[in-house]
Amino acid sequence: MENLKPYLLVLICFSMLACDSTSSKEEAESAASTAVGITTIEKADAELDTDTLRKWTGSCALCHITGNGGAPRLGNAEEWQPRLAQGAEILLAHTIEGFNNMPPLGYCMACEREDLLAMIRFMAGGS
Ligand code: HEC
Numbered sequence: 000m001e002n003l004k005p006y007l008l009v010l011i012c013f014s015m016l017a018c019d020s021t022s023s024k025e026e027a028e029s030a031a032s033t034a035v036g037i038t039t040i041e042k043a044d045a046e047l048d049t050d051t052l053r054k055w056t057g058s059c060a061l062c063h064i065t066g067n068g069g070a071p072r073l074g075n076a077e078e079w080q081p082r083l084a085q086g087a088e089i090l091l092a093h094t095i096e097g098f099n100n101m102p103p104l105g106y107c108m109a110c111e112r113e114d115l116l117a118m119i120r121f122m123a124g125g126s
């Protein structure tokens, strides 16, 4: 049960974003960071726009907050460092094609290359 907590919070956060289409970027982002505030989100300093944040919350967040299946965790520089060292092209290719437990496109069928790159920067903490 304890393990489900961040997952549930992400769902709550996602439904808040999905329902309140009038909310500004700032409101949506602060809602998102409040909702997942007990995890490491505050360590990530790169920003996602509301649309990309919504896509991220519905896909990458499922694994990259708790580290499901060995996923490098959001804002955890130590876990992201060796990944980043491979270069953006390899990271992008692994994201699009899948890599071990990492599913192709990270479950985000609507994500463009730019979205995925922004999400990777966001999760890696802005580097
Ligand atoms: C079902 C769980 C899951 C989802 C959803 C998921 N990932 Fe992952 N991701 C993983 C796991 C597990 C790894 C570690 C794979 C390994 O190194 O064996 C990983 C690794 C990665 C890596 C590092 C790849 C490398 O070459 O080291 C990137 C970048 C990444 N994910 C991006 C994303 C993005 C962007 C999304 C959302 C669009 C996403 N992931 C969604 C599980 C997931």
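Taken in order, the sequence shown gives residues 0 to 126; the numbers are from numbering that gives the first Met the number 0.
Every residue gets a Cβ at the ideal spot worked out from N, C-alpha and C, and that includes glycine.
Contact check, Pro-103 vs Glu-96, beta carbons under 8 Å: yes
Boundaries of the alpha helix (DSSP H) in which Ile-119 is found, first to last residue: 112-122
C-beta atoms of Tyr-106 and Leu-47 nearer than 8 Å: no
Environment of Gly-68 [buried if 16+ CB atoms lie within 10 Å]: exposed
Test item, CB below 6 Å from any non-hydrogen atom of the ligand HEC: Ser-58, Cys-59, Leu-61, Cys-62, His-63, Asn-67, Gly-68, Gly-69, Ala-70, Pro-71, Arg-82, Gln-85, Ile-89, Leu-90, His-93, Thr-94, Phe-98, Asn-99, Asn-100, Met-101, Pro-102, Gly-105, Tyr-106, Cys-107, Cys-110, Leu-115, Met-118 and Ile-119
CB contact flag (Ala-109, Lys-54, <8 Å): yes
Residues of its chain near Pro-71, where Cβ-Cβ distance is below 6 Å and the 5 sequence neighbours each way are ignored: Glu-78, Trp-79 and Arg-82
Bridge partner(s) assigned by DSSP for Met-101: Phe-98
Burial state of Met-74 (16 or more Cβ within 10 Å): Here residue 74 turns out to be Gly, not Met, going by the sequence shown. That one is buried.
Contact under 8 Å by Cβ, Thr-56 with Met-118: no
Environment of Arg-120 [buried if 16+ CB atoms lie within 10 Å]: buried
Under 8 Å between C-beta atoms of Leu-116 and Ala-76: no
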